[in-house]
Amino acid sequence: MEGFRALNMPRGATAMSEAVYDLHMFVLTICVVIGIVVFGALAYSIAFHRKSRGVTPARFSHSTAVEVVWTIVPFLILVVMAVPAVRTLLAVEDTSGAEMTVKVTGYQWFWEYEYLDGEAEGIAFYSVLDEASDRARRLGSETDPREVEHYLRDVDQPLVLPTDTRIRFLLTANDVIHSWWVPEFGWKKDTIPGFINEAWTEIGEPGVYRGACAELCGRDHAFMPVVVVAKPPDEFRRWVAARHDTADGETSVAGR
Ligand SMILES: [Cu+2]
């Protein structure tokens, strides 16, 4: 069962990723049933209606009843799949009712996070590949990347977010197109210079969620991971207070 789970789509960590997973399982089940019926009929015909068994083929060429059925049945199956798919898609795109807003800006090759409202307002920092990964990735470095924990999956300053809070993201870029992607949130969004894209999430469980830039953005595309640390709301509030106390929020050095 573990092996099957590893093959299947992961459930993720948000209500949205759960909805996407449920949708996936629903459609996959329909596809599997259709696959079993079609290939079962095929196998049955090959096994029991082959020429060597003396079976002669039917000669009819037209059946209005069958044509009506094989048009209407797939149409109904499509409608049954489209209704929950559209409902989920609309929910993914609906960023209303957000309790806080974070602006994400992609750069070659790191991220910038700005908290735009609430008590975290004014906190802004760059999130750059962590030192250990950066050292190990260099040509001729003595470090074996396999020995670096979270190699290319860690940053100096992660994006810290509260759990059980509806968070809106405004996503843009400063140079080329990047894409902000945390698989466990169930979506990714292009960050495009001159445009602001919107997305939202509500994280259920505290934890560390890792992702990456998902749009080929140049030489160091592989070296701009996304790390989100989700904390319970009261812990998040403490982090915000500590952050306000030190260095006015702005600490990291931009660009390498
Ligand atoms: Cu990028």
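Per our numbering, the sequence shown starts with residue 997, numbered consecutively.
Built from N, CA and C at the ideal position, the CB exists for glycine as well.
Just so we're clear, the structure is a prediction, and the values are computed from it rather than from any experiment.
Local conformation of residue i per DSSP, three classes
i, result
"residue 1186", "strand"
"residue 1224", "strand"
"residue 1199", "strand"
"residue 984", "Only positions 997 to 1252 of the chain appear in this structure, which leaves residue 984 out of reach."
"residue 1056", "coil"
"residue 1252", "In this prediction, residue 1252 scores a pLDDT of 40, lower than 50, which makes its location untrustworthy; no coordinate-derived value is stated."
"residue 1076", "helix"
"residue 1048", "helix"
7 Å Cβ cutoff met for residue i and residue j
i, j, result
"residue 1180", "residue 1008", "yes"
"residue 1096", "residue 1114", "yes"
"residue 1010", "residue 1197", "yes"
"residue 1107", "residue 1156", "no"
"residue 1131", "residue 1137", "yes"
"residue 1189", "residue 1208", "no"
"residue 1221", "residue 1178", "no"
"residue 1154", "residue 1232", "no"
"residue 1143", "residue 1174", "no"
"residue 1111", "residue 1100", "no"
"residue 1019", "residue 1084", "yes"
"residue 1229", "residue 1202", "no"
"residue 1013", "residue 1182", "yes"
"residue 1051", "residue 1045", "yes"
"residue 1162", "residue 1094", "yes"
"residue 1129", "residue 1147", "yes"
"residue 1192", "residue 1226", "no"
"residue 1167", "residue 1176", "yes"
"residue 1077", "residue 1023", "yes"
Opening and closing residue of the alpha helix (DSSP H) in which residue i lies
i, result
"residue 1014", "1011-1044"
"residue 1231", "1229-1241"
For residue i, the first and last residue of its enclosing beta strand (DSSP E)
i, result
"residue 1178", "1174-1178"
"residue 1206", "1203-1209"
| query | Could you give the uninterrupted runs of the alpha helix (DSSP H) lying entirely in the stretch 1084-1166, keeping only those of 4 residues or more? | reply | Counting only runs of 4+ residues, the alpha helix (DSSP H) found wholly inside the stretch 1084-1166 occupies 1127-1132, in chain order.
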